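S.K.: Mind having a look at this structure? Questions to follow.
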Amino acid sequence: MPTPSVELTTFLPSRLGPLDDQPLVVAFSGGVDSLALLLVARDVAGVRLVAAHLDHGLVAGSAERARRARRLAEELGVEWVAERRAVALGDSGAEAAARRVRYEFLVEVARRLGSRAVLTGHHLEDQAETVALRLLQGSGLEGLAAMATERELAPGVLLLRPLLDRSRAQLGALVAAHGLRPIEDPSNRDLQLERNFVRHRLLPHLQARQREDPRADPPPHNLRDRLVGVSLAARRVRSRLDAVLARDAPLDDDGTLALADLEALPPGLRPFALARLHRAAGRPYPPSRRAQGELTRQLDRRRARPVSCDCGDGWRWRQRGERLAVQRPEPKTARFTYTLTAPGEVEIDELGARFRLTRGTVESWMFQGAPNRAGLALPIEPGDIVTVRNRRSGDRLQPLGSSGRRKLKDLLIDRQVPRHDRDRIPLLCLGEDSRQIAWVPGVTMDDRFRIGDQRIVWIAELEPAR
1015 MPTPSVELTT FLPSRLGPLD DQPLVVAFSG GVDSLALLLV ARDVAGVRLV AAHLDHGLVA
1075 GSAERARRAR RLAEELGVEW VAERRAVALG DSGAEAAARR VRYEFLVEVA RRLGSRAVLT
1135 GHHLEDQAET VALRLLQGSG LEGLAAMATE RELAPGVLLL RPLLDRSRAQ LGALVAAHGL
1195 RPIEDPSNRD LQLERNFVRH RLLPHLQARQ REDPRADPPP HNLRDRLVGV SLAARRVRSR
1255 LDAVLARDAP LDDDGTLALA DLEALPPGLR PFALARLHRA AGRPYPPSRR AQGELTRQLD
1315 RRRARPVSCD CGDGWRWRQR GERLAVQRPE PKTARFTYTL TAPGEVEIDE LGARFRLTRG
1375 TVESWMFQGA PNRAGLALPI EPGDIVTVRN RRSGDRLQPL GSSGRRKLKD LLIDRQVPRH
1435 DRDRIPLLCL GEDSRQIAWV PGVTMDDRFR IGDQRIVWIA ELEPAR
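So the sequence shown is numbered by the numbering used here: it starts at 1015 and just counts up by one.
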């Protein structure tokens, strides 16, 4: 195996320009892949490495593995940053949810440090598994192209995979040569996770069957290499299609596409034109068939109403004059949770705001509705704990004047709260478990805490931080 650090000496400047001691974030679990990446990158001149570790808390022993990962990073003389962050398991499944939260964390770390890149330890086997997964999912050309060595993770932050052409065995040999003991994550053996099933069951089974085939002449190729070859072939085809589209449906300097050019393309080329438009906007995945169907319906009536529709994961297509643009999702507000002893106050750094809870007499304004303050008949006593946090999946409450409970998400949509503001609302919740929402500033309170015949009530106030 050639000396990796020598190769990174050219790999990193070719993508980032002069390094000038800039910080680079390495996604670090302490496993073989990320440990090899840390070894490869730490001696590159002009680089300040920061090992970033996220503990999802999904598997027992994760806190101990985080401590061991920190010791490994410190042993190698690399800066360390870590966080424990819960994963809301939605319809996309545990793997997708954990991956989304992990990349959100890495982007936050990169921006906090002023880093232009996040490095991950993906390798050849990861690429082969990705192709297999995409085949199982019925992906098209874009999906079969699998992982790129470089892509934009967020505006101003690149995701780099410098070890994508190396095997797991090569990385393991490098770690062993340095006498280091990597950390084994037991979740990597959980066959309920799709990638693990492909890695430990499907691909070994297919490789074994291929070896046993008496008709194999010449001897069977390595299945991993064949799958990676599919990815390379998909990239070559995509490159040729891009050349055709650059001629017939060129993108403007601002990354937009002329609607007339899109409509003039043969129907079979339009999905590839849209996928190219998405890549130019920094979105790694092409639009779904359902999204493309909605776009087609809107194009048919665009003279009467401009095109504006979702194209996946918060991204949107928008018409600008006679051109089509892909609009990024609004930046998400980081999750926050604060507790305070009533009466008391707390600064919410993420919002640049201060939340205060005090006791006071009933006044007329409490019955007129005020966006940033409310009078509440809370079932708490001085010295009790309350929580202030932003929304979570599954939040419910009984809106003022309602006889039943509703999902907070549905309520915010009904009240026409803009999408980008929904995670910026500090919810007043009772207790430390924070499941019982009492007040949603600017929207409603829970009907159970409306003022009745009380003379002294709790007053919740939200104001800019001093």
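The beta carbon of each residue, even a glycine, is placed where N, CA and C say it ideally should be. Here the structure is a predicted model, which is why all the values come from computation and not from measurement.
1) Quick one: what does DSSP say I1394 is sitting in, helix, strand or coil?
2) Can you list, in chain order, the residues of its chain with a C-beta nearer than 7 Å to that of F1042? Leave out the 5 residues immediately preceding and following it.
3) Where does E1361 fall in DSSP's three states?
4) Take A1356 as the anchor and find which of E1143, I1473, L1033 has the nearest alpha-carbon.
5) Please go through the same chain and pick out, in chain order, the residues whose beta-carbon is closer than 7 Å to the beta-carbon of Q1412, but skip the five residues on each side of it.
6) For S1201, write down the residues that DSSP places opposite it in a beta bridge.
7) Quick one: grab the DSSP three-state call for P1451.
8) Tell whether a beta-carbon distance below 9 Å holds between G1157 and Y1299.
9) Consult DSSP for I1470 and reduce its assignment to one of helix, strand or coil.
10) Name the two residues that bound the continuous beta strand (DSSP E) containing R1332.
11) Quick check: L1422 and I1451, are their CB atoms within less than 9 Å of each other?
12) Less than 9 Å between the C-beta atoms of L1205 and L1220, yes or no?
13) Span of the beta strand (DSSP E) holding F1286?
14) What residue ranges within the region 1140-1177 form continuous beta strand (DSSP E) runs of no fewer than 3 residues, ordered along the chain?
15) Quick check: L1033 and V1061, are their CB atoms within less than 9 Å of each other?
16) Can you check whether the CB of V1046 is closer than 9 Å to the CB of L1133?
17) Per the contact definition of three or more C-beta pairs closer than 8 Å, is the region 1435-1445 in contact with the region 1397-1406?
18) Across which residues does DSSP place L1444 in a beta bridge pair?
19) With distance defined between alpha-carbon atoms, name the residue in S1302, Q1312, P1455 nearest to R1429.
20) Taking the Cβ atom as the reference point for each residue, do L1026 and V1058 lie within a distance shorter than 9 Å?
21) By DSSP's criteria, R1337 is part of a beta bridge. Which residues make up the other side?
22) Cutting at 6 Å between CB atoms, please list the residues of its own chain near R1319, excluding the five before and the five after it.
23) Please report the straight-line C-alpha distance between R1337 and E1477, rounded to a whole angstrom.
24) Give me the residue from C1325, L1273, A1294 with the minimum Cα distance to E1308.
25) Quick check: what's the CA-CA separation for D1105 versus A1367?
26) Using only the alpha-carbon positions, how far apart do N1526 and R1406 sit?
27) For the beta strand (DSSP E) containing R1319, name the first residue and the last one.
28) Please go through the same chain and pick out, in chain order, the residues whose beta-carbon is closer than 7 Å to the beta-carbon of E1122, but skip the five residues on each side of it.
29) Is DSSP giving T1134 helix, strand or coil here?
30) Are the beta-carbon atoms belonging to H1070 and R1125 less than 9 Å from one another?
31) By DSSP's criteria, R1098 is part of a beta bridge. Which residues make up the other side?
32) Just to confirm, is the Cβ distance from L1138 to D1179 under 9 Å?
33) For G1269, which of V1258, A1295, D1262 has the nearest alpha-carbon?
34) Indicate, with yes or no, if the ligand COA has a heavy atom lying under 8 Å from the CB of A1257.
35) May I have the straight-line CA-CA distance separating G1075 from T1353, to the nearest angstrom?
36) Please list the terminal residues of the continuous beta strand (DSSP E) segment that includes L1354.
M.R.: Short version:
1) coil
2) S1048, L1052, A1065, A1066, H1067, A1083, A1087
3) strand
4) I1473
5) G1418, R1419, D1460, D1461, R1462
6) Answer is none; S1201 lacks a bridge partner.
7) In the sequence on display, residue 1451 carries Ile and not Pro. If DSSP states are grouped into helix, strand and coil, I1451 belongs with the strands.
8) yes
9) strand
10) 1329-1334
11) yes
12) no
13) Not the beta strand (DSSP E): F1286 falls in the alpha helix (DSSP H), residues 1284-1295.
14) 1164-1168, 1171-1174
15) yes
16) no
17) yes
18) V1400, Q1450
19) P1455
20) yes
21) A1272, R1334
22) none
23) 42 Å
24) C1325
25) Note on D1105: pLDDT 43, under 50, position unreliable in the model; the coordinate value appears next. Taking the straight line joining both Cα atoms gives about 33 Å.
26) This structure does not reach residue 1526, given that the chain is present from 1015 up to 1480, and the question cannot be answered.
27) Where R1319 is concerned, there is no enclosing beta strand (DSSP E), given that its DSSP letter is neither H nor E.
28) A1348
29) coil
30) no
31) D1069
32) yes
33) A1295
34) Ligands displayed in this structure: none; no statement on the ligand COA is therefore possible.
35) 26 Å
36) 1351-1355
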